[in-house]
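Residue numbers (the working numbering): 30 to 376.
Beneath this line is the structure, given in structure tokens, with notes to follow.
Okay, here's the thing in structure tokens:
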């Protein structure tokens, strides 16, 4: 949970971010700034214009990216409405059934208005990985006429769009169950023994378990396994950006809303149903802190602050990942970005 990556300077809206020197969280859905009359007219005109053939073919996929709480879900929803499209959600937390609040899944009203894919794929007692996601998402993309990819887990997005293979090693359920019982420090030691040169987040048990699972089959180096292969679609990468202070405030307000909506009760129900406290489903921000609260390690007064702090760290880490990708065209989310995004797609 301790993610302490620095926030990098954001590219100006509407420009691709330069290459950097040298990765399911909730998004506000109906809290975009009010649109001016001119912006609304521009957005309507763009939405009514004929779409380029490459976007209609399904080979190019508008992909909404950005840090947690920047507003990806709201923009993806409205973009799908404007284009008559369907949304494929690339989020490692929204794949779990019965976990709604800290995952920020679309509402019943949103699901009635737009068709969503890759939600509620497995029960929270089970694990899930990028290999399984790519299989599910690829099947959806092949069938959708006008897909929109909604980012959330950057590794999932890259694996799907760039053909990241991870050696093509399928899950090993028995070995995984053994590894998931080990503390993160032990997992980190096992990974280092298998590949001393590996570059990985040694604080993330999910990533560590998968690395062990793969390296025990293929051998090192991990960098060789993270190869890419051609895919049937090309992501049109659209990044949403906010000033740091504004993003931090959105994160704080969202954490308070999650607690007001019943996050503690939802987490307690999952634990009582048999979901392990250290499971993959309950390891994400929001649930992990709430588990600690229910175990008596964090007070109710401390809970919202801890959630806010860890979500802010997650946002910095996500930005560090995204700012390295020069293919992303960045748009400011201070005002409604949809009109500019539609013009960009039609250009």
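Where a beta carbon is used, it is the ideal one built from N, C-alpha and C, also for glycine.
All values reported here derive from a predicted model rather than from experimental measurement.
Helix, strand or coil at residue i according to DSSP, with G and I counted as helix
i: residue 370; result: helix
i: residue 178; result: strand
i: residue 231; result: coil
i: residue 280; result: helix
i: residue 241; result: helix
i: residue 84; result: Because the pLDDT at residue 84 is just 43, under 50, the model does not fix this residue reliably, and the value given afterwards should be weighed accordingly. Correct three-state label for residue 84: helix.
i: residue 376; result: coil
i: residue 352; result: coil
i: residue 293; result: helix
i: residue 303; result: coil
i: residue 334; result: helix
i: residue 327; result: coil
i: residue 202; result: helix
i: residue 73; result: Reliability fails at residue 73, whose pLDDT of 32 lies under 50, so the model's placement of it is uncertain and the value that follows must be treated cautiously. The answer is helix: DSSP assigns residue 73 an H, G or I state.
i: residue 60; result: Note on residue 60: pLDDT 34, under 50, position unreliable in the model; no value is reported.
Integer Cβ distance of residue i from residue j, believed to fall under 8 Å
i: residue 269; j: residue 101; result: 6 Å
i: residue 158; j: residue 347; result: That pair is no contact at about 19 Å.
i: residue 357; j: residue 266; result: 4 Å
i: residue 177; j: residue 288; result: So it is not a contact: roughly 30 Å between Cβ atoms.
i: residue 303; j: residue 154; result: 6 Å
i: residue 318; j: residue 332; result: 6 Å
i: residue 201; j: residue 242; result: 5 Å
Candidates the options: closest to residue i by CA position
i: residue 282; options: 129, 334 and 211; result: 334
i: residue 189; options: 164, 213 and 310; result: 164
i: residue 117; options: 106, 127 and 341; result: 106
i: residue 127; options: 332, 316, 330 and 220; result: 316
i: residue 251; options: 262, 261 and 239; result: 239
i: residue 277; options: 186, 339 and 244; result: 339
i: residue 280; options: 187, 113, 96 and 206; result: 96
Extent of the continuous beta strand (DSSP E) to which residue i belongs
i: residue 94; result: 89-94
i: residue 312; result: First-last for residue 312: undefined, no H or E at that position.
Residue(s) in a DSSP beta bridge with residue i
i: residue 264; result: 90
i: residue 320; result: BP columns for residue 320 are empty, so no partner.
i: residue 125; result: 151
i: residue 360; result: 269
i: residue 146; result: 117
Residue interval of the alpha helix (DSSP H) (run including residue i)
i: residue 213; result: 213-223
i: residue 117; result: Unbroken run through residue 117 is the beta strand (DSSP E), 115-119; no alpha helix (DSSP H).
i: residue 101; result: 101-112
i: residue 210; result: Element bounds for residue 210: n/a, residue is neither H nor E.
i: residue 161; result: 159-172
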